[in-house]
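*Asks:* What follows is a structure written as structure tokens; I'll ask about it next.
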């Protein structure tokens with residue numbers, strides 16, 4: 010149940026500005042009702058929330074996200090060996106991995122309950 014945008018290698022090459030600013034990836038997180046895990050409209054809302062969480066985290070760190078690079082992973086406790094901690098107990102977890110650009114982006118390390 011993941012939605013994937015175009016690969017970074019398929020996008021147009023970044024210009025000099027992007028090279029000067031640096032880039033990396035960051036995670037965004039959202040948690041939802043596991044009883045609604047089969048509802049695509051609901052999952053789309055949770056995906057949007059995880060992208061917004063990534064955008065807010067990026068803004069706190071002074072960089073910007075490229076939403077076209079977002080990749081979403083939906084995990085439920087029932088079908089995973091991942092222990093996402095208390096905040097995810099009995100819920101679905103949506104992780105958004107997204108490209109960030111800006112000054113200092115190369116120093117950012119993606120963080121969250123499912124790093125990697």
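Residue numbers (this note's numbering): 10 to 125. All C-beta atoms in this analysis are idealised placements derived from N, C-alpha and C, irrespective of residue type, glycine included.
Locate the alpha helix (DSSP H) running through residue 49, then write down its first and last residues.
*Replies:* For residue 49, the enclosing alpha helix (DSSP H) begins and ends at 49 to 69.
*Asks:* Less than 7 Å between C-beta atoms, sequence neighbours within five positions excluded: which residues of the same chain meet that for residue 67?
*Replies:* 35, 73, 74 and 109
*Asks:* Going by other Cβ atoms of all chains shown within 10 Å of its Cβ, with 16 needed for buried, is residue 77 buried or exposed?
*Replies:* By the neighbour-count definition (other C-beta atoms within 10 Å, threshold 16), residue 77 is an exposed residue.
*Asks:* On the CB-based measure, 16 or more other CB atoms within 10 Å of its CB, does residue 114 come out buried or exposed?
*Replies:* Burial state of residue 114 is buried, judged by a 10 Å Cβ sphere holding 16 or more other Cβ atoms.
*Asks:* Do the CB positions of residue 42 and residue 101 come within less than 9 Å of each other?
*Replies:* yes
*Asks:* Do residue 103 and residue 40 come within 9 Å of each other at the CB atom, strictly closer than that value?
*Replies:* yes
*Asks:* Along the beta strand (DSSP E) that carries residue 8, what are the first and last residues, could you check?
*Replies:* Nothing can be reported for residue 8: it is not among the residues displayed for the chain, which extend from 10 to 125.
*Asks:* Please classify residue 111 as buried or exposed, where buried requires at least 16 other C-beta atoms within 10 Å of its C-beta.
*Replies:* buried
*Asks:* Given residue 119, which residues of its chain have a CB within under 6 Å of its CB, disregarding the five upstream and five downstream residues?
*Replies:* Excluding sequence positions up to five before and after residue 119, its CB lies within less than 6 Å of the CB of 34, 35 and 36, all in the same chain and listed in chain order.
*Asks:* For the beta strand (DSSP E) containing residue 118, list its first residue and its last residue.
*Replies:* In the DSSP assignment, residue 118 falls outside any beta strand (DSSP E) and carries neither an H nor an E.
*Asks:* Using DSSP with H/G/I as helix, E/B as strand and the rest coil, what is residue 44?
*Replies:* helix
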